[in-house]
Amino acid sequence: MVEEPSKKKALDVLQEALEKIKPQMEVRSRRVGGASYQVPMPVRGRRASSLVVRWLVTEANKRPNKQYHSYAEKLAAEILDALQEQGGAIEKRNTSHRMAEANKAFSHFRW
Numbered sequence: 001m002v003e004e005p006s007k008k009k010a011l012d013v014l015q016e017a018l019e020k021i022k023p024q025m026e027v028r029s030r031r032v033g034g035a036s037y038q039v040p041m042p043v044r045g046r047r048a049s050s051l052v053v054r055w056l057v058t059e060a061n062k063r064p065n066k067q068y069h070s071y072a073e074k075l076a077a078e079i080l081d082a083l084q085e086q087g088g089a090i091e092k093r094n095t096s097h098r099m100a101e102a103n104k105a106f107s108h109f110r111w
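Its first residue numbered 1, the sequence shown is counted upward by one per residue in full-length UniProt numbering.
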């Protein structure tokens, strides 16, 4: 399903899509002096990989059943959208990066 539109091997397409979705930064809550701050932190390797897979699966599940008749079609459509910098998984990555950028002032709480 993935090979037909892209003319590449399925594994190469999947790896390329995973790399495009992978987040660089995320925010984590830190409690300092009774207040909680959203502190931007870099995402390490295993966590980044698990976030990518989790986002792909969740966004594929959100796709309508009337348009896609099997889960494989939903997942393939989400992967192909990721290659074109579109789709729900890319939106989640962008949201994560936007949150980290917005809370850059609290980065000194990182330890």
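Where a beta carbon is used, it is the ideal one built from N, C-alpha and C, also for glycine.
A quick note: this is a predicted structure, and the numbers were derived from the prediction, not measured.
Check: Would you identify the three-state DSSP class for residue 43, choosing helix, strand or coil?; Outcome: coil
Check: Using only alpha-carbon positions, find the residue among 10, 14, 25 that is nearest to residue 100.; Outcome: 25
Check: Which residues in the same chain have their Cβ closer than 8 angstroms to the Cβ of residue 103, if we skip the five residues on either side of it in sequence?; Outcome: 27, 37, 38, 39, 40
Check: Locate the beta strand (DSSP E) running through residue 26, then write down its first and last residues.; Outcome: 25-32
Check: Check whether the region 40-56 and the region 81-98 are in contact - that is, three or more C-beta pairs closer than 8 angstroms.; Outcome: yes
Check: At which residues does the alpha helix (DSSP H) containing residue 100 begin and terminate?; Outcome: 88-102
Check: Just the C-alpha distance for residue 42 and residue 17, rounded to the nearest angstrom, thanks.; Outcome: 20 angstroms
Check: Starting from the C-beta of residue 63, find all residues in its chain whose C-beta is less than 8 angstroms away, skip the five residues before and the five after it, and write them out in chain order.; Outcome: 74, 77, 78
Check: Report the rounded CA-to-CA distance for residue 149 versus residue 68, giving the unit in angstroms.; Outcome: Residue 149 lies beyond the range of the chain shown here (1 to 111); nothing can be said about it.
Check: Kindly identify the DSSP beta-bridge partner or partners of residue 71.; Outcome: None, per the DSSP bridge assignment.
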